[in-house]
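Undergrad: Under UniProt numbering, the final residue of the sequence shown carries the number 363; numbering is consecutive throughout. Cβ coordinates follow ideal geometry from the N, Cα and C atoms, glycine included. The structure follows.
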Amino acid sequence: MSLNRRELLGGAAALTTAGLLPRVAFAADAIKLGSILDKSGPFDAYGKPMDMATRLAVAEINEAGGLLGREVEIIAYDTQSDMALYSQYGQQLTRQDKVDVVHGGILSASREAIRQTMRKSKTLYFYNVLYEGGVCDRNIFINGVTPAQQVEALVPYAMNNSGKKVYILAADYNYGQITARWIEKFVRDNGGEVVGTDFFPLDVSDFGSTIAKVQTAAPDLVIAPLVGGAHLSFFRQWAAVSMKDKIALASTTLGVGNEHKVLTPEEGNGIMCAYNYSQELDTPENAAFKERWAAMFDGDQSMHEIAVSHYHGLHTWAEGVRKAGTIDRDAVIEALETGISITGPGARSPSTPRPTTRCWTCI
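Right, dumping it as structure tokens:
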């Protein structure tokens, strides 16, 4: 499904009605922003708030005067958590819709399903989710944290609060596999030992035998880069057999899609995480952001870490266009590469100057 201009302006009108933003007149030709997200399917808990973040950010951009005097129009597709639809809609956005930029993708697998299309079509692409690192196409900008950034903070903290023996449970695709390697590195760097590592396909929901293996290995700490609703079962089963109070637990993913709100306090309390956004941040920027979000979405407060990262990515792109003074892809890339920062609900979000061959996979 696509969000047409009438629907977009309806969302902007909601903000105007709430008295938050003024009305603006635009030139006739809109800047086309492609959005491709899982708004339904197994990963919609991630995708729906990201879609809402897209609509809020674009409404704010438009009500502040748009970009270069032009309205930003969203053309959005729901992939239903189907990787084949990511490929199909990626081609439609670039070939039929002829968008100026694409923001989207949640799992690394979805990013890879559309990345080649974005590169071949020379379409500027923003992937705004925490990921495993290593994507070096010049036309793609990643706005989420990498394991090198997140795990470096989480591992020493978790080990200092538990012990040196670590067991890793990770999703069995590139994010989980590469994150597990970074965890191993930082465990070693902090004088620890990895006593076991297991990987799980995204549809696995029975962790009984795995929990038994962990009990036998007797680690001080379990770190779990697990992904999606099926993997959420691990945290429930871990608490159900009273392991949560016996072996410390940390995660690089629990909570990025509001998973912690699905767990009971007995299941979730005490799990250690490290993220770049929390709804509880006590800053004027976060308070204002939550107020605007609630005004646009009827009191909803479902924003989560990757939705806010997505919101930051949209405003970073807009700032790049303003600095470039044009929507031309190469000019916007050059502007972004100079180092652009915005202040959002997650505090200041920098875009570090980068060489075109920058990679993040060296461990």
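What do you reckon, are the CB atoms on residue 39 and residue 78 nearer than 8 Å?
TA: Their beta carbons are under 8 Å apart, which means residue 39 touches residue 78 by this criterion.
Undergrad: Using only the alpha-carbon positions, how far apart do residue 187 and residue 240 sit?
TA: 28 Å
Undergrad: Measure the alpha-carbon distance for residue 314 versus residue 242 and round it to whole angstroms.
TA: Cα-Cα distance, rounded: 43 Å.
Undergrad: Excluding sequence positions up to five away, which residues of its chain have a Cβ less than 6 Å from the Cβ of residue 105?
TA: 111, 127
Undergrad: What are the uninterrupted segments assigned as alpha helix (DSSP H) that are 4 or more residues long and contained completely in the segment 65-119, given in chain order?
TA: 83-95
Undergrad: Among 103, 192, 42, which residue has its Cα nearest to the Cα of residue 161?
TA: Among 103, 192, 42, the Cα nearest to that of residue 161 is on 192.
Undergrad: Under 7 Å Cβ to Cβ from residue 89, same chain only, skipping five residues before and after it: list those, please.
TA: Taken in chain order, the residues that qualify are 36, 77, 79.
Undergrad: Please list, in chain order, all residues of the same chain as residue 46 whose beta carbon is under 7 Å from its beta carbon, the five residues on each side excluded.
TA: 38, 106, 257, 306
Undergrad: Among the candidates 276, 29, 116, whose CA atom is the shortest distance from the CA of residue 100?
TA: 29
Undergrad: Roughly how many angstroms lie between the CA atoms of residue 70 and residue 293, to the nearest whole one?
TA: 23 Å
Undergrad: For the segment 22-52, list the beta strand (DSSP E) runs that are entirely contained and at least 3 residues long, ordered along the chain.
TA: 31-37
Undergrad: Given that a residue counts as buried once 16 or more other Cβ atoms are within 10 Å of its Cβ, and exposed if not, what is residue 146?
TA: Answer is buried; the Cβ neighbour count reaches 16.
Undergrad: Tell me the rounded alpha-carbon separation between residue 245 and residue 215.
TA: Distance between residue 245 and residue 215, taken at the CA atoms: about 13 Å.
Undergrad: Grab the span of the alpha helix (DSSP H) containing residue 314 for me, first residue to last.
TA: 305-324
Undergrad: Could you pull out every residue in the same chain whose Cβ sits closer than 7 Å to the Cβ of residue 331, ignoring the five residues on either side in sequence?
TA: 324
Undergrad: Got a sec? Which residues, its chain only, sit under 7 Å from residue 408 by beta carbon, not counting five neighbours each side?
TA: In the structure displayed, the chain extends from 1 to 363; residue 408 sits before or after that span and is not available.
Undergrad: According to DSSP, is residue 272 helix, strand or coil?
TA: strand
Undergrad: If residue 175 and residue 108 are in contact, beta carbons under 8 Å, what's the gap, nearest whole angstrom?
TA: 5 Å
Undergrad: Using alpha carbons as the reference points, say which of 179, 254, 137 lies closest to residue 148.
TA: 179
Undergrad: Skipping 5 residues on each side, what residues in its chain have a beta carbon closer than 6 Å to that of residue 233?
TA: 205.
Undergrad: Closest by CA to residue 225, which one among 217, 82, 198?
TA: 198
Undergrad: Under the rule that 16 or more other beta-carbon atoms within 10 Å means buried, what is residue 55, buried or exposed?
TA: buried
Undergrad: With which residues is residue 183 paired in a DSSP beta bridge?
TA: In DSSP, residue 183 forms no bridge with anything.
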